[in-house]
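**Q** Just so you know, numbering that gives the first Met the number 0 puts 318 at position 319 of the sequence shown, and the rest follows in order with no gaps.
Please find one structure pasted underneath; my questions will follow.
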Amino acid sequence: MPAAVIIGGQWGDEGKAKIVDFLMSDHDVVVRYQGGANAGHTVVKEGKKFAFHQIPSGLLYPHTTGILGNGMVINPFSFLKELDGVISNGINAQDRLFISSSAQVVMPYHSILDDLKESDRKERKIGSTGKGIGPAYSDKHARSGMRMGDFLLEKEELFSKIAGMVKKANRKMAIYGAPELSPRKIAADFINIRDLIEHFIRDTQMMVADMNSQGKRFILEGAQGTLLDIDHGTYPYVTSSNSTVGGAITGSGIPPSALGRVIGIYKAYVTRVGRGPFPTELEDQFGDKLRERGCEFGTTTGRPRRCGWFDLVAARYAKKINGFSEIALTKLDVLSGIEKLKICHAYEIDGERIDRFPASSAILDKCRPVYTEMPGWEDGELGGNYEELPGNARKYIEKLEDELETRISFISTGPGRRETIIRE
Ligand code: IMP
């Protein structure tokens, strides 16, 4: 049974968790394949709001197995806190939630280094969530990080490994004039949670391979979005992992031949948190209105999200990078009651019109949007099936579908599970 991959088509916060939750009812396994506690995935179940950060959001169904994949960077302390929240909401995680032994550990000094590096960037700040993601991936690639599997070491060995790592990190932090951390205190904190964490740890690559050959149906859950991908995004204003389709393969251990549906999630408009170029940004009262209507405040940091019109140039690029086989369009309801809608179909730079997304952030920053106007539709409830949607809402959807040459098979018209239109 081919796996379905869920990927953000914009700068994150597209509403991926809702689509994962929706599809999960007929899938068996959900693997989160990259990122860490920088993500915030919100699902509304029976009117109750759940915010996931590291645990895959698909876990809300009792029949599913959840895996924190090898491509993730995991803060074990935050994981335990999140787990407590999940359990106290009546969700059983016993024997169905697993952490890859190959996933990296986010150490307490990673978030400190994140903040130190960010302040050091002065006016070129990235707008990081401060969760230590960049420094943790840096250590991974420098081959000096700790893996979740290290929790299985004997206590003495684990203690001295962590104490040694903290001593090295202290040297890095000293460059910024930061105070030293206590190697003994941090090592002891890790030893204290070892017994709570160890039974979640598995060699998940082989688990994934076994479940794949047993015909289990997988969802690969991405965090962030294509334009925040370390390779394909608006570098350096990106996160430190591959949030695109390649990351789903390396970050879970599933072979490319197992992939079936590659579902791109796009919001009906665009948002971005943190710094970096954003050609269709609305820096006016209308942008504020969109933010209020769409409740566009970060799930992880509470920061207001920057809001703007749908950007087809960027959306086409995301489609090509990932090879989306279909699209889910979210938050269509937020656009209701707006008289005239705009869609950016090209950019203008130095008097020249372009319709290709530039690889350089410096060039993207100079791009001005060229818009097509579309008539809006009345405010009010959006219908339960496609034919019941207002005519202009259908025109808006079909315009995006035509331009992206990809079927929009899900339309989300509100936060709840039932507010989803499926087009077969
Ligand atoms: P970091 O991943 O925390 O280092 O942040 C790098 C950039 O990615 C910043 O602009 C963040 O605001 C953005 N970012 C990280 N995670 C998310 C997310 O889950 N949604 C939206 N933006 C994110």
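For each residue, glycine too, the CB sits at the ideal point set by N, CA and C.
Every value quoted in this text rests on a predicted model; they were computed, and no experiment measured them.
Mapping the DSSP letters down to three states, classify Y277 as helix, strand or coil.
**A** For the purposes of this step, residue 277 is identified with residue 278 of the sequence shown, where counting begins at 1. Here residue 277 turns out to be Phe, not Tyr, going by the sequence shown. The answer is coil: DSSP assigns F277 none of H, G, I, E or B.
**Q** Taking all protein chains shown into account, decide if A187 is buried (16 or more other Cβ within 10 angstroms of its Cβ) or exposed.
**A** On the sequence shown, residue 187 is found 188 positions in, with the first residue counted as 1. So A187 ends up on the exposed side.
**Q** Quick one: give me the first and last residue of the alpha helix (DSSP H) that K184 is part of.
**A** Counted from its first residue, the sequence shown places residue 184 at position 185. Start and end: P182 to I196.
**Q** Roughly how far, in whole angstroms, is the beta-carbon of G415 from the beta-carbon of V43, given that I think they are within contact range, below 8 Å?
**A** Position 416 of the sequence shown holds residue 415. Position 44 of the sequence shown holds residue 43. About 5 Å separates the two Cβ atoms, so the contact holds.
**Q** Find out if the Cβ-Cβ distance for the pair T412, L331 is shorter than 8 Å.
**A** Residue 412 sits at position 413 when you count from the first residue of the sequence shown. Residue 331 sits at position 332 when you count from the first residue of the sequence shown. Yes, the Cβ-Cβ distance between T412 and L331 is below 8 Å.
**Q** Return the first residue and the last residue of the alpha helix (DSSP H) that K139 is part of.
**A** Reading the sequence shown from its first residue, position 140 is the one you call residue 139. Its alpha helix (DSSP H) spans residues I132 to H140.
**Q** State yes or no: is the C-beta of T203 within less than 8 Å of the C-beta of S99?
**A** Residue numbering aside, residue 203 sits at position 204 when the sequence shown is read from its first letter. Residue numbering aside, residue 99 sits at position 100 when the sequence shown is read from its first letter. Yes, the Cβ-Cβ distance between T203 and S99 is below 8 Å.
**Q** For L157, which of helix, strand or coil comes out of DSSP?
**A** One-based indexing of the sequence shown puts residue 157 at position 158. Looking at L157 - three-state DSSP - the assignment turns out to be helix.
**Q** To which residues of the same chain is M145 closer than 6 Å at the C-beta, ignoring the five residues directly before and after it?
**A** Looking up residue 145 in the sequence shown gives position 146. V104.
**Q** Ignore the nearest five residues each way along the sequence and tell me which others in R271's own chain have a CB closer than 6 Å to its CB.
**A** Locating residue 271 in the sequence shown gives position 272, counting from the first residue. The answer, listed in chain order, is W10, F277 and R305.
**Q** Check for me: the beta strand (DSSP E) holding T249 runs from which residue to which?
**A** Residue mapping note: residue 249 aligns to position 250 of the sequence shown, counting from 1. Counting along the chain, T249 falls outside any beta strand (DSSP E), though it belongs to the alpha helix (DSSP H) covering V244 to T249.
**Q** So M23 and T63 are in contact, right, with Cβ under 8 Å, and what is the actual spacing, rounded?
**A** Reading the sequence shown from its first residue, position 24 is the one you call residue 23. Reading the sequence shown from its first residue, position 64 is the one you call residue 63. Indeed, because the Cβ distance is near 6 Å, the residues count as touching under 8 Å.
**Q** Counting only runs of 4+ residues fully inside the stretch 46 to 82, write out the alpha helix (DSSP H) ranges in chain order.
**A** Correct list: empty.
**Q** If I measure Cβ to Cβ from T299 and keep anything under 8 Å in the same chain, skipping five residues before and after, which residues do I get?
**A** Taking the first residue of the sequence shown as position 1, residue 299 is located at position 300. Hits under 8 Å: A36, N37, A38, G39, H52, T128 and K130.
**Q** Does M373 come out as helix, strand or coil in the three-state DSSP assignment?
**A** For the purposes of this step, residue 373 is taken as residue 374 along the sequence shown, with counting starting at 1. Strand, per DSSP.
**Q** Any chance the CB of A358 is under 7 Å from a heavy atom of ligand 1?
**A** What you label residue 358 is simply residue 359 of the sequence shown in a count that begins at 1. No.
**Q** Of all the options E380, I348, G301 and A168, which has the alpha carbon lying nearest to the alpha carbon of R367?
**A** By 1-based counting over the sequence shown, the position of residue 367 is 368. That would be I348, whose Cα lies nearest to the Cα of R367.
**Q** Any heavy atom of ligand 1 inside 7 Å of the beta-carbon of V30?
**A** One-based indexing of the sequence shown puts residue 30 at position 31. No, the Cβ of V30 stays beyond 7 Å of every heavy atom of ligand 1.
**Q** Are the beta-carbon atoms belonging to F150 and E197 less than 8 Å from one another?
**A** By 1-based counting over the sequence shown, the position of residue 150 is 151. By 1-based counting over the sequence shown, the position of residue 197 is 198. Their beta carbons are under 8 Å apart, which means F150 touches E197 by this criterion.
**Q** Assuming V30 and G68 make a contact with CB atoms under 8 Å, what is their CB distance in whole Å?
**A** Taking the first residue of the sequence shown as position 1, residue 30 is located at position 31. Taking the first residue of the sequence shown as position 1, residue 68 is located at position 69. With 8 Å as the limit, V30 and G68 qualify as a contact, their Cβ atoms being about 5 Å apart.
**Q** Starting from F97 and walking both ways along the beta strand (DSSP E), at which residues does that stretch end?
**A** Mapped onto the sequence shown, residue 97 falls at position 98. Taken as a continuous stretch (DSSP letters only), the beta strand (DSSP E) holding F97 covers L96 to S99.
**Q** Which first and last residues belong to the alpha helix (DSSP H) in which I253 is found?
**A** As a first step, residue 253 must be located in the sequence shown, where it is residue number 254. Unbroken run through I253: none, as it is neither H nor E.
**Q** Using only the alpha-carbon positions, how far apart do K48 and T41 sit?
**A** Along the sequence shown, one-based indexing puts residue 48 at 49. Along the sequence shown, one-based indexing puts residue 41 at 42. So the two alpha carbons sit approximately 7 Å from each other.
**Q** With a cut-off of 8 Å on the beta carbons, I'd call R216 and M373 a contact; round off their distance for me.
**A** Here residue 216 refers to the residue found at position 217 when the sequence shown is read from its first residue. Here residue 373 refers to the residue found at position 374 when the sequence shown is read from its first residue. Contact doesn't hold; Cβ gap of about 37 Å is too wide.
**Q** Would you identify the three-state DSSP class for P1, choosing helix, strand or coil?
**A** For the purposes of this step, residue 1 is taken as the residue at position 2 of the sequence shown. Note: P1 maps to coil in three-state DSSP.
**Q** Report whether the distance from the Cβ of I125 to the nearest heavy atom of ligand 1 is below 7 Å.
**A** Translated into positions along the sequence shown, residue 125 becomes position 126. It does: the Cβ of I125 is within 7 Å (strictly closer) of some heavy atom of ligand 1.
**Q** Let me make sure I understand the geometry here. Which of E325, I125, F76 and D138 has the alpha-carbon closest to that of A168?
**A** Translated into the one-based positions of the sequence shown, residue 168 becomes position 169. Comparing Cα positions, the closest option is D138.
**Q** So what does K266 bridge to, in DSSP terms?
**A** Indexing the sequence shown from 1 puts residue 266 at position 267. K266 is bridged to T329.
**Q** Give me, in chain order, the residues of the same chain whose beta-carbon lies closer than 7 Å to that of I320; leave out the 5 immediate sequence neighbours on both sides.
**A** The sequence position of residue 320 within the sequence shown is 321, counting from 1. Closer than 7 Å at the Cβ level, and outside the excluded window around I320, lie T225, H231 and T243.
**Q** Provide the residue span of the alpha helix (DSSP H) that contains R393, from first to last.
**A** By one-based count along the sequence shown, residue 393 stands at place 394. It spans G390 to L403 - the alpha helix (DSSP H) in which R393 sits, taken as one unbroken run.
**Q** Around the Cβ of F285, are there at least 16 other Cβ atoms within 10 angstroms (buried) or fewer (exposed)?
**A** As a working note, residue 285 is residue 286 in the sequence shown. Result: exposed.
**Q** Going straight from the alpha carbon of T329 to that of I174, what length do you get?
**A** One-based indexing of the sequence shown puts residue 329 at position 330. One-based indexing of the sequence shown puts residue 174 at position 175. Their backbone Cα atoms lie some 45 Å apart in a straight line.
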